[in-house]
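S.K.: Below: one structure in structure tokens.
Protein chains: 2
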Amino acid sequence: MSLATPLGAGAEFDRIRGFAARWRERAHGLGDDCAFIESGGDVLAVSIDLAVENVHFRRDWMTPAEIGYRAASAALSDLAAVAAEPLALLLALGAPAREPTATLDGIADGVGDACADAGAFIVGGDLSRADSLIVDCCVIGRATAAVRRRGAKPGDRIVVTGQLGGPLAALTAWRRGGTPAPAARQRFVRPAPRHEAARFLAQHRARAMIDVSDGLAADLGHLLVASDVAGHVRCEAMPLHPDALAAARETGEEPWRFAARSGEEYELVAALPDAVTDAELAASPVPLTVIGTIEAGSGVRATLNGAAGSLPPGHDHFASA
Amino acid sequence: MSLATPLGAGAEFDRIRGFAARWRERAHGLGDDCAFIESGGDVLAVSIDLAVENVHFRRDWMTPAEIGYRAASAALSDLAAVAAEPLALLLALGAPAREPTATLDGIADGVGDACADAGAFIVGGDLSRADSLIVDCCVIGRATAAVRRRGAKPGDRIVVTGQLGGPLAALTAWRRGGTPAPAARQRFVRPAPRHEAARFLAQHRARAMIDVSDGLAADLGHLLVASDVAGHVRCEAMPLHPDALAAARETGEEPWRFAARSGEEYELVAALPDAVTDAELAASPVPLTVIGTIEAGSGVRATLNGAAGSLPPGHDHFASA
């Protein structure tokens, strides 16, 4: 079989392509943010998201409740990415045998809060011993009017929700042994899946959409490959989180470059028909910024005030370190 | 909130009860083998099952394909436990960054084989770095005529599919540094979720059902608590795997006791109305054995040839070691 939705570059995606080739006709519809299951005339969107201690989070950075909130939100964001209405979450939790009850209760509270904020119910789970904390969330949503990665057309406007760079600003501070600025930290530990904005974008004829989990360039890259188009990003237009400006100054990077490689944003990137007006976009429940245009061809073309540039690659869990 | 389906004893279940108390009205229908989601007039059953290296499997015991087959089958068995028809599986896979591709490909092959055997498609997943192997499977099935844990009535016959004790015979051999007998090893590394038998039992008026994952006594205990009844198990009637007999001789245990504490069997235990005849049971695609009777009251009462006995507790991941 081939992937229903082609994936962009990256070692992780090479592996997924390898799996799809092995599974052949046993696999269905891999490669979008969610799987889609038809049931009784309805369509459900389903996604699974694995968060592992010291890979996705560190205990000295976050409280157990924040670990739970963040892991659940990462999964719920996959529903937002296809404009599906959150219904249910299943939680598989791994922890050391002697882990204090307070840790597990805290994670459960965080998962519960994220579900409450998204309007989803916790309907099941599994609990296992493990060497370190594992928080794996499977989410299910109603996808009556799903927006997928494919569908963008030359001439479409590329929009992004919110501001980019906050999570990486927090991560940069922690990695240096420092303390993140409160707003940047909040973006990292309590991300806000963009369910309302997703509904707005779907209602405003979004043709293709994805959430930013691995960095703008990487995720936009998937959307472009899936849609078989190219994208032109005007880097000067990128909406920057205030703390990303300060963090980029410290790393000596251009702020837009810093923001573009920030992962786990859970902001949405969408392709909208050119006919959708600025006045329409201004009514979004989360600010939308037009950062570029879909073009014919392939790949991402970046410019900074008209001069050629390049966007940094995203985070890849399986790239050689 | 209270659990929709009450759980039996055990430290793991104490924790789940604790979660349910914290989540209150944010949780729905916890405590059965699957969660049930209504969609477009249909009902879907969903379950998640986490398999962790050195907790659920060891690499020196099993090939990567066996690790994958077993992890997927454990999840698929939750669908059999409620007589749901397997539709789809999502695979979240964690592995060390430098893990050879062959390991991941092997696990993927095993998951694919288990799905092929169950008639399910692989529709999505997630791939992450982790310190050790993590195989987390979320399964979705059609539950048009679901059989739940609750519903057993005094006078019902308790039946079990297949033979018990094979997986523990394999485990016992490995733990002693030995080599399991081939048939016992096969029961451990390539368990067979009882989808056909589940369909047969549902068609033959099964009133309550569960799969044996933590040991007969533990899982029957959940069914009894959920149904608010007691059970009488005639230990001499327990169907024993041939290799369990030899293994029990070595441990000096009574074979039925050995078989009753064997977990990860993925056999089904069901309560059937007394009116279902032996001739009807004989037509099952997997041999069924009547091992006891549902009674009024609570708890499991065990007898051996008429004399009072007791069944061993099941495996509990969170009991103090």
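Protein chains in written order, with our numbering: chain A, 1 to 321; chain B, 1001 to 1321.
Even glycine gets a Cβ: it sits at the ideal position worked out from N, Cα and C.
#1: Pull out every residue of the stretch 158–181 of chain A whose Cβ sits closer than 9 Å to any Cβ of chain B, in chain order.
#2: With a threshold of 9 Å between beta-carbons, can B/Arg-1017 be considered close to chain A, or not?
#3: Using beta-carbon positions only, say whether B/Cys-1137 and B/Leu-1076 come within less than 9 Å of one another.
#4: Which of helix, strand or coil does DSSP assign to B/Cys-1235?
#5: So, is the C-beta of A/Gly-221 closer than 9 Å to a C-beta in chain B?
#6: Are B/Pro-1096 and B/Arg-1129 touching if we call contact CB-CB under 9 Å?
#7: Could you tell me which of B/Val-1160, B/Ser-1284, B/Ala-1108 sits nearest to B/Ser-1073, measuring between CA atoms?
#8: Using the rule of at least 16 other Cβ atoms within 10 Å of the residue's Cβ for burial, across every protein chain shown, is B/Glu-1265 buried or exposed?
#9: Please classify A/Ser-73: does DSSP put it in a helix, a strand, or coil?
#10: Could you tell me which residues DSSP puts in a beta bridge with B/Val-1300?
#11: Classify B/Leu-1224 as helix, strand or coil using the three-state DSSP reduction.
#12: If you count every other CB in all the chains shown that lies within 10 Å of the CB of B/Ser-1262, and 16 or more means buried, which is it?
#13: Look at the alpha carbon of A/Gly-40 and the alpha carbon of B/Ala-1143, and state the distance between them as a whole number of angstroms.
#14: Would you identify the three-state DSSP class for B/Val-1276, choosing helix, strand or coil?
#15: Find out if the Cβ-Cβ distance for the pair B/Gly-1110, B/Ala-1065 is shorter than 9 Å.
#16: Quick check: is the beta carbon of A/Gly-215 nearer than 9 Å to any beta carbon in chain B?
#17: Is there a Cβ of chain A sitting closer than 9 Å to that of B/Trp-1061, yes or no?
#18: In chain A, what lies closer than 7 Å to B/Cys-1138 by C-beta?
#19: Any C-beta of chain B sitting closer than 9 Å to the C-beta of A/Asp-330?
#20: Which residue from B/Gly-1166, B/Arg-1234, B/Ser-1284 puts its Cα closest to that of B/Ala-1246?
#21: Taking 9 Å as the threshold (beta carbon to beta carbon), is A/Phe-36 in contact with chain B?
#22: Which same chain residues end up closer than 7 Å to B/Ala-1116 when comparing Cβ atoms and leaving out the 5 residues on each side of it in sequence?
#23: Please confirm if the stretch 1290–1299 of chain B is in contact with the stretch 1221–1232 of chain B, defined as three or more CB-CB distances below 8 Å between the two stretches.
#24: Indicate whether at least one CB of chain B lies closer than 9 Å to the CB of A/Asp-211.
#25: Taking Cβ positions only, does A/Cys-115 come closer than 9 Å to chain B?
#26: Give the C-beta separation of A/Arg-194 and A/Glu-267 to the nearest angstrom, bearing in mind that I take them to be a contact with Cβ-Cβ under 8 Å.
#27: Check the Cβ-Cβ distances between A/Glu-12 and every residue of chain B, and say whether any is below 9 Å.
#28: Less than 9 Å between the beta carbons of B/Ala-1279 and B/Ile-1140, yes or no?
#29: Is it the case that the stretch 1218–1226 of chain B contacts the stretch 1170–1180 of chain B, given that we only count it when at least three CB pairs across the two stretches are under 8 Å?
M.R.: If we stick to the structure as given:
#1: Of all residues in the stretch 158–181 of chain A, none places a beta-carbon less than 9 Å from a beta-carbon of chain B.
#2: The residue given as residue 1017 of chain B occupies position 17 in the second sequence. Taking Cβ atoms only, chain A never reaches closer than 9 Å to B/Arg-1017, which makes this a no.
#3: Against the second sequence, residue 1137 of chain B aligns to sequence position 137. Against the second sequence, residue 1076 of chain B aligns to sequence position 76. Cβ atoms of B/Cys-1137 and B/Leu-1076: closer than 9 Å.
#4: Taking the first residue of the second sequence as position 1, residue 1235 of chain B is located at position 235. For B/Cys-1235, the secondary structure class from DSSP, reduced to helix, strand or coil, is helix.
#5: What you label residue 221 of chain A is simply residue 221 of the first sequence in a count that begins at 1. No Cβ of chain B is located within less than 9 Å of the beta carbon of A/Gly-221.
#6: Along the second sequence, one-based indexing puts residue 1096 of chain B at 96. Along the second sequence, one-based indexing puts residue 1129 of chain B at 129. Contact: yes.
#7: Here residue 1073 of chain B refers to the residue found at position 73 when the second sequence is read from its first residue. Answer by Cα proximity: B/Ala-1108.
#8: As a working mapping, residue 1265 of chain B is identified with position 265 in the second sequence. B/Glu-1265 is buried by the Cβ-count criterion.
#9: The count along the first sequence starts at 1 and reaches residue 73 of chain A at position 73. Helix at A/Ser-73.
#10: The count along the second sequence starts at 1 and reaches residue 1300 of chain B at position 300. Looking at the DSSP output, B/Val-1300 bridges to B/Gly-1231.
#11: As a position in the second sequence, residue 1224 of chain B is number 224, starting the count at 1. Three-state result, B/Leu-1224: helix.
#12: Locating residue 1262 of chain B in the second sequence gives position 262, where the first residue counts as 1. Around the beta carbon of B/Ser-1262, 16 or more other beta carbons lie within 10 angstroms, which makes this residue buried.
#13: Here residue 40 of chain A corresponds to residue number 40 of the first sequence, with the count starting at 1. Here residue 1143 of chain B corresponds to residue number 143 of the second sequence, with the count starting at 1. Near 12 Å, if we compare the C-alpha coordinates of B/Ala-1143 and A/Gly-40.
#14: Residue mapping note: residue 1276 of chain B aligns to position 276 of the second sequence, counting from 1. B/Val-1276: coil per DSSP, three-state reduction.
#15: Residue 1110 of chain B sits at position 110 when you count from the first residue of the second sequence. Residue 1065 of chain B sits at position 65 when you count from the first residue of the second sequence. Their beta carbons are under 9 Å apart, which means B/Gly-1110 touches B/Ala-1065 by this criterion.
#16: As a working note, residue 215 of chain A is residue 215 in the first sequence. At a cut-off of 9 Å, the C-beta of A/Gly-215 has no neighbouring C-beta in chain B.
#17: Here residue 1061 of chain B refers to the residue found at position 61 of the second sequence. Not one beta carbon of chain A lies nearer than 9 Å to the beta carbon of B/Trp-1061.
#18: The sequence position of residue 1138 of chain B within the second sequence is 138, counting from 1. At a C-beta separation below 7 Å, B/Cys-1138 has these neighbours in chain A: Ile-48, Leu-90, Cys-138.
#19: Absent from the structure is residue 330 of chain A, since the part of chain A shown begins at 1 and ends at 321.
#20: As a position in the second sequence, residue 1246 of chain B is number 246, starting the count at 1. Ranking the options by Cα distance to B/Ala-1246, first place goes to B/Gly-1166.
#21: As a first step, residue 36 of chain A is located in the first sequence; it is residue number 36 there, counting from the start. Cβ-Cβ to chain B under 9 Å: yes for A/Phe-36.
#22: Residue mapping note: residue 1116 of chain B aligns to position 116 of the second sequence, counting from 1. Taking B/Ala-1116 as the centre and dropping the five residues before and after it, the same chain places no C-beta closer than 7 Å to its C-beta.
#23: Put simply, the stretch 1290–1299 of chain B touches the stretch 1221–1232 of chain B. At least three CB pairs are less than 8 Å apart.
#24: In the first sequence, residue 211 of chain A corresponds to position 211, counting from 1. By this cut-off, A/Asp-211 is not an interface position.
#25: Numbered from its first residue, the first sequence carries residue 115 of chain A at position 115. Yes - at least one Cβ of chain B is within 9 Å of the one on A/Cys-115.
#26: By one-based count along the first sequence, residue 194 of chain A stands at place 194. By one-based count along the first sequence, residue 267 of chain A stands at place 267. Sure, about 6 Å apart at Cβ, within 8 Å.
#27: Start at 1 with the first residue of the first sequence, and residue 12 of chain A comes out as number 12. Yes, because at least one Cβ of chain B sits closer than 9 Å to the Cβ of A/Glu-12.
#28: Against the second sequence, residue 1279 of chain B aligns to sequence position 279. Against the second sequence, residue 1140 of chain B aligns to sequence position 140. Contact flag unset, no.
#29: No contact exists between the stretch 1170–1180 of chain B and the stretch 1218–1226 of chain B.
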